[in-house]
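Going by the working numbering, the first residue of the sequence shown is number 1, and it counts up by one from there.
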Amino acid sequence: MAKEPDLTDLRQSIDTIDDSLVKLFEERMSLAKTVAEYKKKNDLTVLDSSREQEVIDRATALVSEELRGETALFMRALMSLSREYQRTLLSEGEAPEERDTMKKIAVINGLNLNLLGEREPDKYGNETLEALNTRIAAAAANLGMNCVFYQSNVEGELVTIIQEAKDFDGIILNAGAYTHYSVAIRDAVAGVKAPTVEVHLSNVAAREEFRHTSVVAPVCKGIVAGFGGDSYIIALSAFIS
Ligand code: DQA
């Protein structure tokens, strides 16, 4: 009969793996430094995030559905940390101009959208915001775009987020209920040069009367509504050309 593994041994093995992780992190950061030095010397493009999504996909495939969003965020954080490190090294002294070829898109979600997956699933589906963001990031990477994700339940915070995205190549905005009455959010969208696409999971035109009005839409490039989480993915195509 197979011997039960000893808990102390198991804990020790986990400790050993954690030590290896720290070591791997050290090696990765040191390699990032070498790459940055090479790029600086040869005046090469600073950022290369083309393989990130593939690595994220491989890591998320190892865990269960519920852990996928967290895993993707962890892996993405790890890789952007390394890129950020390269960026700081490259901007020391006379660094070449940053030439990131990826388009930068802000995906901004307003109030109650943090509850996706549990909130009125008959209208908004079962997918959590994290899982949706992972899907959007994957689709964006295929289109040569890098997404940065934001969510807030506070009107003023959304205004600040929109302002901070002013130099992005595009904004995908689901302002939630604010869509229907927030002049402040409309003014923020009108005030930035980044083109904005308004999105909704549900087909707002087919719902209650008060949802038929969008005060934000007139200052947007267009609207995508009614395709669930795919509305965001469809919206990405507005920024292809
Ligand atoms: C929504 C539609 C809005 O009317 C509603 O208030 C939301 C979600 C959508 O994505 O379908 O919060 O923006």
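Glycine is no exception: its CB is placed at the ideal position from the N, C-alpha and C atoms.
Is any heavy atom in the ligand DQA found nearer than 7 Å to the beta carbon of G176?
Answer for G176: yes, Cβ within range of the ligand DQA.
Based on the DSSP output, what are the partners of I108 in its beta bridges?
Answer by DSSP bridge pairing, in chain order: Y150 and L173.
Using only alpha-carbon positions, find the residue among L173, R211 and E155 that is nearest to A194.
L173
Which residues in the same chain have their Cβ closer than 6 Å to the Cβ of N109, if we skip the five residues on either side of it in sequence?
Q151 and N174
Helix, strand or coil, according to DSSP, for T128 in the structure here?
coil
Could you tell me if the beta carbon of T248 falls within a distance shorter than 7 Å of some heavy atom in the ligand DQA?
What the structure shows of the chain is the stretch from 1 to 241, and residue 248 is not part of that stretch, so it cannot be assessed.
Near K166, which residues of its chain fall below 7 Å by C-beta distance, leaving aside the five closest residues on each side in sequence?
Within the same chain, and ignoring the five residues on either side of K166 in sequence, the residues whose Cβ sits closer than 7 Å to its Cβ are V192, K193 and A194.
Is the distance from the Cβ of C147 to the Cβ of V189 below 8 Å?
Contact: no.
Can you tell which of D169, A205, A131 and I185 has the C-alpha that lies nearest to the C-alpha of L67?
A131
Which residues mark the beginning and the end of the beta strand (DSSP E) in which V197 is found?
Per DSSP, V197 belongs to the beta strand (DSSP E) from T196 to H200.
Output the boundary residues of the alpha helix (DSSP H) element that contains G191.
Counting along the chain, G191 sits inside the alpha helix (DSSP H) bounded by residues V183 to G191.
Assess contact between the stretch 222 to 240 and the stretch 194 to 207, defined as three or more Cβ pairs (one per stretch) separated by less than 8 Å. Is contact present?
By the Cβ test, the stretch 222 to 240 is in contact with the stretch 194 to 207, since at least three Cβ pairs between them sit closer than 8 Å.
Is G222 helix, strand or coil when you go by DSSP?
Collapsing the DSSP output to three states places G222 in a strand.
What does the alpha-carbon distance come out to for the pair I14 and V107?
Per the coordinates, the alpha-carbon of I14 lies some 37 Å from the alpha-carbon of V107.
Using a threshold of 8 Å, state whether the C-beta atoms of T134 and A72 are closer than that.
Taking 8 Å as the Cβ cut-off, T134 and A72 qualify as a contacting pair.
So, does the stretch 21 to 40 touch the stretch 71 to 90, judging by three or more C-beta pairs under 8 Å?
yes
Can a CB atom of chain C be found closer than 8 Å to the CB of F25?
Among the chains of the structure shown, chain C does not appear; only one protein chain is present.
Is it buried or exposed, S182, if we count other Cβ atoms within 10 angstroms and call 16 or more buried?
Counting the other Cβ atoms within 10 Å of the Cβ of S182 gives 16 or more, which makes it buried.
Can you give me the C-alpha to C-alpha distance between T8 and T16, rounded to a whole angstrom?
12 Å
Say the cut is 7 Å; is the CB of R211 nearer than that to a heavy atom of the ligand DQA?
R211 has its Cβ nearer than 7 Å to a heavy atom of the ligand DQA.
At a cut-off of 7 Å, is V215 close to the ligand DQA when judged by its beta-carbon and the heavy atoms of the ligand?
no
Could you check what DSSP says for M102 in three-state terms: helix, strand or coil?
M102: coil per DSSP, three-state reduction.
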